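*Asks:*
Numbering (my numbering), first residue to last: 9 to 254.
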């Protein structure tokens, strides 16, 4: 089921914050103002990793032959606190809108992993690489404003393939994704935003998609998510100061 918003994952992290509101109501106006200022400074929940994206990110915590088991080992465990706000079907415009959700004001991530753009291609051939890249640029700018201390790992849009039927045949998908990814390194500043392309793990030597890792030719399966986790683990360790679970 497509989630309207993925922010329910924040509930467990933030439950204790509601108690401060009761306390504030019992204070005088000056004391209330001071308490509110203190609450604003203290209420942000530090998380190690914030995941942002579409269904490919969303399915990190989907059971079955998807990413949940890998997610729990690498990202959501006693060693690491991760929030995943990936939403199935999102294009860049929708992801941008979700960043305005006030629930995100409650967290302070050390690191953000962003991968978005493949659903833009479903809007038809007129959805250009330039449009998608500009959408990603806007998302990065919004993340920098909202989370100025976080480092952002921008991933290349994963490869995908389609049968040679329908309005957007497979080669057009691949060529358009390549055109998007060719422009993404320029969005990295080397200080807070870093680009990484791990797409080779999903491709055979001849460039065809490894269907044993992406059976539906779009979403990784459990084995694909495992390789993804392994590919970014050194960066997650370095940026968050944490290690994956056992």
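For glycine and all other residues, C-beta sits at the position ideal for the given N, C-alpha and C.
Bear in mind that the values here come from a model prediction, so they are computed numbers and not experimental data.
In this structure, does DSSP put residue 199 in helix, strand or coil?
*Replies:* Residue mapping note: residue 199 aligns to position 191 of the chain shown, counting from 1. Coil.
*Asks:* Is the number of C-beta pairs between the stretch 221–230 and the stretch 194–206 that are closer than 8 Å three or more?
*Replies:* Here the stretch 221–230 makes no contact with the stretch 194–206; the two share fewer than three CB pairs at distances below 8 Å.
*Asks:* Tell me whether residue 232 sits in a helix, a strand or coil according to DSSP, three-state version.
*Replies:* One-based indexing of the chain shown puts residue 232 at position 224. Residue 232: helix per DSSP, three-state reduction.
*Asks:* By DSSP, does residue 113 sit in helix, in strand, or in coil?
*Replies:* The sequence position of residue 113 within the chain shown is 105, counting from 1. Of the three classes helix, strand and coil, the one that applies to residue 113 here is helix, per DSSP.
*Asks:* What is the DSSP secondary structure of residue 222, reduced to helix, strand or coil?
*Replies:* Taking the chain shown and counting its residues from 1, the one referred to as residue 222 is at position 214. Correct three-state label for residue 222: coil.
*Asks:* Is it right to say residue 71 is buried, meaning 16 or more other beta carbons lie within 10 angstroms of its own, or is it exposed?
*Replies:* Taking the first residue of the chain shown as 1, we reach residue 71 at position 63. Under this definition residue 71 is an exposed residue.
*Asks:* If the criterion is Cβ atoms closer than 8 Å, does the pair residue 118 and residue 236 meet it?
*Replies:* The residue given as residue 118 occupies position 110 in the chain shown. The residue given as residue 236 occupies position 228 in the chain shown. The criterion of a C-beta distance shorter than 8 Å is not satisfied by residue 118 and residue 236.
*Asks:* Beta-carbon separation of residue 52 and residue 93 under 8 Å?
*Replies:* By 1-based counting over the chain shown, the position of residue 52 is 44. By 1-based counting over the chain shown, the position of residue 93 is 85. No, Cβ-Cβ distance for residue 52 and residue 93 is not below 8 Å.
*Asks:* Roughly how many whole angstroms lie between the Cα atoms of residue 187 and residue 77?
*Replies:* Sequence index remark: in the chain shown, residue 187 carries index 179 (1-based). Sequence index remark: in the chain shown, residue 77 carries index 69 (1-based). Near 33 Å, if we compare the C-alpha coordinates of residue 77 and residue 187.
*Asks:* Since I believe residue 54 is in contact with residue 91 (beta carbons under 8 Å), could you give me their beta-carbon distance rounded to a whole number of angstroms?
*Replies:* The residue you call residue 91 lines up with position 83 of the chain shown. The residue you call residue 54 lines up with position 46 of the chain shown. That belief does not hold up - the Cβ atoms of residue 91 and residue 54 are roughly 11 Å apart, past 8 Å.
*Asks:* Look up residue 143 in the DSSP assignment and say whether it is helix, strand or coil.
*Replies:* Here residue 143 corresponds to residue number 135 of the chain shown, with the count starting at 1. In the three-state reduction of the DSSP assignment, residue 143 falls in the helix class.
*Asks:* Sort 183, 57, 208 and 126 by Cα distance to residue 101 and report the nearest one.
*Replies:* Along the chain shown, read from residue 1 onward, the residue named residue 101 stands at position 93. Cα-wise, what sits closest to residue 101 is 126.
*Asks:* Distance, Cα to Cα, residue 230 vs residue 160?
*Replies:* Taking the chain shown and counting its residues from 1, the one referred to as residue 230 is at position 222. Taking the chain shown and counting its residues from 1, the one referred to as residue 160 is at position 152. Cα-Cα distance, rounded: 24 Å.
*Asks:* With H, G and I counted as helix, E and B as strand and the rest as coil, what does DSSP make of residue 185?
*Replies:* Position 177 of the chain shown, counted from the start, is the residue given in the question as residue 185. Three-state result, residue 185: helix.
*Asks:* Any idea what DSSP makes of residue 243, helix, strand or coil?
*Replies:* Taking the chain shown and counting its residues from 1, the one referred to as residue 243 is at position 235. Here residue 243 sits in helix by DSSP.
*Asks:* When burial is assigned at 16 or more other CB atoms within 10 Å of the CB, is residue 131 buried or exposed?
*Replies:* Here residue 131 refers to the residue found at position 123 of the chain shown. Counting other Cβ atoms within 10 Å of its Cβ, residue 131 stays below 16 and is therefore classed as exposed.
*Asks:* Within 10 angstroms of its Cβ, does residue 138 collect 16 or more other Cβ (buried), or is it exposed?
*Replies:* The residue you call residue 138 lines up with position 130 of the chain shown. When all chains shown are included, residue 138 counts as exposed.
*Asks:* Take residue 150 and list the residues in its own chain whose beta-carbon comes closer than 7 Å to its own, dropping the five residues that flank it on each side.
*Replies:* Numbered from its first residue, the chain shown carries residue 150 at position 142. Within the same chain, residue 150 has close Cβ partners 104 and 107.
*Asks:* With C-beta atoms as the reference, is residue 69 less than 8 Å away from residue 61?
*Replies:* Counting from 1 along the chain shown, the entry for residue 69 is found at position 61. Counting from 1 along the chain shown, the entry for residue 61 is found at position 53. Cβ distance not < 8 Å, so residue 69 and residue 61 don't count as in contact.
*Asks:* Look up residue 213 in the DSSP assignment and say whether it is helix, strand or coil.
*Replies:* If you number the chain shown from 1, residue 213 lands on position 205. Of the three classes helix, strand and coil, the one that applies to residue 213 here is coil, per DSSP.
*Asks:* Within its chain, find whatever has a CB closer than 7 Å to the CB of residue 184; leave out the 5 residues flanking it on each side and keep chain order.
*Replies:* The sequence position of residue 184 within the chain shown is 176, counting from 1. Closer than 7 Å at the Cβ level, and outside the excluded window around residue 184, lie 129 and 137.
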